[in-house]
Amino acid sequence: MKEVELLAPAKNYETAVAAINSGADAVYIGATDFGARKNAPNSLSDIENLVNYAHKFYVRIHVVINTILNDFELPKALELIKSLYNIGVDAIIVQDMGIIKAAIDGEIPPIQIHASTQCDNRILEKVKFFDSLGLSRVILARELSLEQIKEICAETECEIETFIHGALCVSYSGQCYLSFANGGRSANRGECAQPCRKRYSLVDENGKVLLKDKYLLSLKDFNASEHIEKLIDCGVKSFKIEGRLKELNYVKNITAYYNDLLNKYAKRTSSGKIFLDFTPNPDKTFNRGYTDYFLTERGQCFNFLSPKSRGEKLGKVKRIFHNYFEIDAELHPQDGICFINNGEMSGFLVNKTDGNKVYPNKMDGIKTGTILYRNFDAKFEKFLDNSKTIRKIGVSFLLTSGNIIAEDEDGNTVSIQIPDGEIPNNPDKLRENIIVQLKKTGNSDFYTTDVIVNDVNLPFLPVAKINELRRDLLSLLMNERLTNYKRLVQKPIGYVDFTNSKIDYRGNVFNSEAESFYKNCNCVVCEKALESFEKIPSRIELMRTKHCLKFASGLCGKPSKKLYLVDNKGKKYPLKFDCKNCEMVVLSP
């Protein structure tokens with residue numbers, strides 16, 4: 095079986111530990127600065143504590159430094175990288191080529207470098223570029239098909255990481271400038287205002303409204319669970335869950351779900367067994383409806399009705415009464431329910447239930463035949479709140495030749511000599527006591543898989559002494575595990591020719607070192623990053639997306655007039671359609 099990694103998100107230490115305990119092989123998290131989720135920072139102290147916890151299970155910690163940096167920030171980022179390496183972080187996820195130049199110049203330690211999806215990794219040539227540079231891993235764009243992913247894996251030697259779950263950016267990652275153009279908050283600087291989750295109208299050149307006040311750029315959430323085995327067969331190494339801003343219970347549930355799924359098809363890169371006390375279900379946590387996006391074929395990836403969570407489908411309302419309704423579904427008090435009412439998302443809370451009778455806090459808009467969705471399952475959330483799910487490492491004990499030997503599931507071994515003592519009156523009882531006590535690993539990070547007693551000349555050992563020997567052995571074994579932890583390092587990297595001879599603002603070059611990097615790769619930077627412009631030029635690309643409003647409106651392949659995206663303030667964004675590549679472009683006014 096192939097060996098793969100489940101990579102889970104974390105906004106803080108608590109969430110990261112929950113992800114590890116739920117089955118993550120690696121966790122990605124933000125540091126103090128320079129992450130694409132500016133609202134999810136973490137101190138070096140917290141990250142160091144996380145590293146120490148994770149490495150016990152051979153779980154790796156990746157830190158995101160995936161914003162573009164100005165000349166003042168780059169030296170600070172390099173110092174941060176040095177500190178991250180010194181506290182044991184396994185990899186950094188980067189967008190700015192100034193960091194890669196620093197690695198080539200020997201200005202940072204040999205920490206593994208992963209090319210962020212913000213680098214716009216959507217074509218084979220771009221991935222081969224990073225592979226030829228020598229980077230350890232490339233994180234692919236979400237828009238790729240199974241065939242494209244398979245080709246990339248076959249044509250490259252670096253590790254390939256791909257998203258499998260979570261929110262979708264409508265634009266190719268790293269190529270969205272709509273937030274910056276609207277209000278100066280740059281997605282490439284970790285400050286995206288999410289204009290894609292707002293209302294727009296689709297209007298033609300004559301002012302005819304084709305779609306009015308809908309969430310035209312809002313996509314459903316990604317769910318690749320039906321394609322996991324195929325992605326493994328393609329050669330994907332790391333399976334990434336989106337969500338560094340997601341809540342604790344979301345991370346618990348989704349990580350546990352994909353942990354179970356991956357275990358069916360592959361070996362894992364980390365150690366330990368997950369003792370799960372709930373049944374994971376991705377429908378029960380935040381989702382806008384699910385799509386597998388473009389993994390197989392173009393489908394309905396959009397959700398024009400609402401950018402809010404829709405949750406799980408419950409069924410249709412059977413009958414309506416004065417202050418309650420009937421439905422064949424199990425609901426609970428404080429459940430959050432939503433439904434579509436006159437083209438809008440409406441909702442209510444459940445006050446109480448009586449069999450199939452549901453008493454909501456309001457009856458507005460509920461009709462016979464209305465399809466209901468549950469976007470907050472109070473019972474499930476409470477279960478997650480109180481979950482005792484834990485992760486433990488398998489250990490076996492062998493008593494032989496006057497020693498107790500402990501060996502963990504990764505082959506790490508330690509031993510302790512059994513102290514001398516009196517001959518036991520009841521050797522069989524002693525053996526029984528030893529087996530029972532060595533199976534009691536308590537609150538340690540281990541669970542016992544086997545106890546073998548081959549020593550026939552055991553001295554008498556009180557229960558307290560057996561427990562003391564077990565604790566000492568497990569402490570020694572954990573130290574041995576950490577000593578033998580294999581920290582991967584970044585192999586030497588060097589310049590190679592870039593895929594293009596020239597790049598414009600879409601190259602996101604924001605500092606002089608990044609410009610020098612491209613020059614050394616025989617590429618001329620014609621324009622600096624858009625974030626350096628004093629004024630946004632007219633008719634430049636603010637967003638390029640595989641989501642197409644012509645397709646969504648049933649106009650695909652038909653002659654049409656010029657189309658515009660109009661926001662709630664009346665600002666008109668011209669749309670351009672690259673039908674050859676099946677892409678839509680949002681232009682600046």
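Reminder that position 512 of the sequence shown reads as 606 in the numbering used here, one-by-one numbering, no gaps. For glycine and all other residues, C-beta sits at the position ideal for the given N, C-alpha and C. Everything numeric in this text was worked out from a predicted model, so none of it was measured.
Residue i versus residue j - alpha carbon distance
i, j, result
"residue 335", "residue 187", "15 Å"
"residue 242", "residue 259", "18 Å"
"residue 476", "residue 675", "47 Å"
"residue 422", "residue 339", "34 Å"
"residue 337", "residue 561", "42 Å"
"residue 498", "residue 448", "59 Å"
"residue 348", "residue 518", "52 Å"
"residue 375", "residue 406", "10 Å"
"residue 302", "residue 655", "10 Å"
"residue 106", "residue 678", "36 Å"
"residue 100", "residue 208", "15 Å"
"residue 172", "residue 201", "8 Å"
"residue 630", "residue 622", "13 Å"
"residue 132", "residue 542", "43 Å"
"residue 409", "residue 394", "21 Å"
"residue 161", "residue 134", "13 Å"
"residue 98", "residue 177", "28 Å"
"residue 599", "residue 619", "8 Å"
"residue 557", "residue 104", "42 Å"
"residue 174", "residue 326", "34 Å"
"residue 425", "residue 379", "15 Å"
Same chain, Cβ closer than 6 Å to residue i, five either side skipped, listed in chain order
i, result
"residue 154", "120 and 184"
"residue 346", "112, 116 and 478"
"residue 372", "477 and 481"
"residue 238", "none"
Buried or exposed by the 16-neighbour rule on C-beta atoms within 10 Å, applied to residue i
i, result
"residue 95", "exposed"
"residue 432", "buried"
"residue 144", "buried"
"residue 195", "buried"
"residue 236", "buried"
"residue 641", "buried"
"residue 582", "exposed"
"residue 109", "buried"
"residue 289", "buried"
"residue 255", "buried"
"residue 458", "exposed"
"residue 565", "exposed"
"residue 501", "buried"
"residue 220", "buried"
"residue 495", "exposed"
"residue 454", "buried"
"residue 261", "buried"
"residue 633", "exposed"
Contacting residues, own chain, Cβ-Cβ under 7 Å from residue i (five flanking each side not counted)
i, result
"residue 265", "637, 638 and 639"
"residue 165", "605 and 606"
"residue 589", "198, 614 and 615"
"residue 660", "294, 295, 297 and 666"
"residue 404", "381, 382, 383, 432, 467 and 469"
Beta-carbon proximity list for residue i, same chain, < 8 Å, skipping 5 on both sides
i, result
"residue 528", "493, 545, 547, 552, 555 and 560"
"residue 402", "382, 432, 439 and 469"
"residue 156", "101, 120, 121, 122, 123, 183, 184, 185, 186, 187 and 208"
"residue 211", "233, 234, 235, 236, 257, 267 and 268"
"residue 576", "149 and 150"
"residue 506", "571, 574, 575 and 578"
Residue i at chain C interface by Cβ criterion, 8 Å
i, result
"residue 518", "In the displayed structure, chain C is absent; only one protein chain is listed."
Cβ-heavy atom distance, residue i to the ligand SAH, below 7 Å
i, result
"residue 629", "Absent from the structure shown: the ligand SAH. Ligands present: none."
Requested in this report: Could you tell me whether the segment 189 to 200 touches the segment 598 to 614, using the rule of 3 or more Cβ pairs below 8 Å?
Outcome: yes
Query raised in the report: Enumerated in chain order, which unbroken segments of the alpha helix (DSSP H) with a length of 4 residues or greater are wholly contained in the segment 181 to 254?
Result: 191 to 198, 218 to 227 and 240 to 249
Query - the segment 327 to 334 contacting the segment 296 to 311, beta-carbon criterion three pairs below 8 Å - result: The way I'd put it, the segment 327 to 334 doesn't touch the segment 296 to 311; fewer than three beta-carbon pairs between them come closer than 8 Å.
Query raised in the report: Considering only residues of the segment 280 to 311, which uninterrupted beta strand (DSSP E) runs meet the minimum length of 3 residues and lie entirely inside it, listed in chain order?
Result: 294 to 298 and 303 to 308
Requested in this report: Would you list, in sequence order, the uninterrupted beta strand (DSSP E) runs of no fewer than 3 residues that lie entirely inside the segment 433 to 487?
Outcome: 438 to 448, 451 to 454 and 465 to 470
Query raised in the report: Are at least three pairs of beta-carbons, each pair with one atom in the segment 311 to 318 and one in the segment 660 to 674, less than 8 Å apart?
Result: Touching, no, given that fewer than three Cβ pairs across the two stretches are closer than 8 Å.
Requested in this report: Go through the segment 568 to 653 residue by residue and report every complete run of the alpha helix (DSSP H) that reaches 4 residues or more, in order.
Outcome: Considered as a whole, the segment 568 to 653 harbours 606 to 614 and 643 to 646 as its complete alpha helix (DSSP H) runs of no fewer than 4 residues, in chain order.
Report task. Inspect the CB distances between the segment 140 to 156 and the segment 584 to 604 and report whether three or more fall short of 8 Å. Result -> no
Query raised in the report: Are the segment 570 to 578 and the segment 518 to 535 touching, with three or more C-beta to C-beta distances below 8 Å?
Result: When Cβ pairs closer than 8 Å are counted between the two stretches, the segment 570 to 578 is seen not to touch the segment 518 to 535, the count staying below three.
Query raised in the report: What residue ranges within the segment 126 to 160 form continuous beta strand (DSSP E) runs of no fewer than 3 residues, ordered along the chain?
Result: 154 to 159
Query - Three-pair Cβ contact test at 8 Å for the segment 122 to 130 versus the segment 481 to 493 - result: no
Query - At least three beta-carbon pairs within less than 8 Å, the segment 271 to 280 to the segment 347 to 365 - result: no
Query raised in the report: Would you call the segment 460 to 471 and the segment 504 to 518 touching, i.e. three or more CB-CB distances under 8 Å?
Result: no
Query raised in the report: Any contact of the segment 381 to 395 with the segment 314 to 324, i.e. 3+ C-beta pairs under 8 Å?
Result: yes
**Report entry** Residue ranges of each beta strand (DSSP E) within the segment 362 to 422, 3 or longer
**Finding:** 367 to 369, 406 to 414 and 419 to 421
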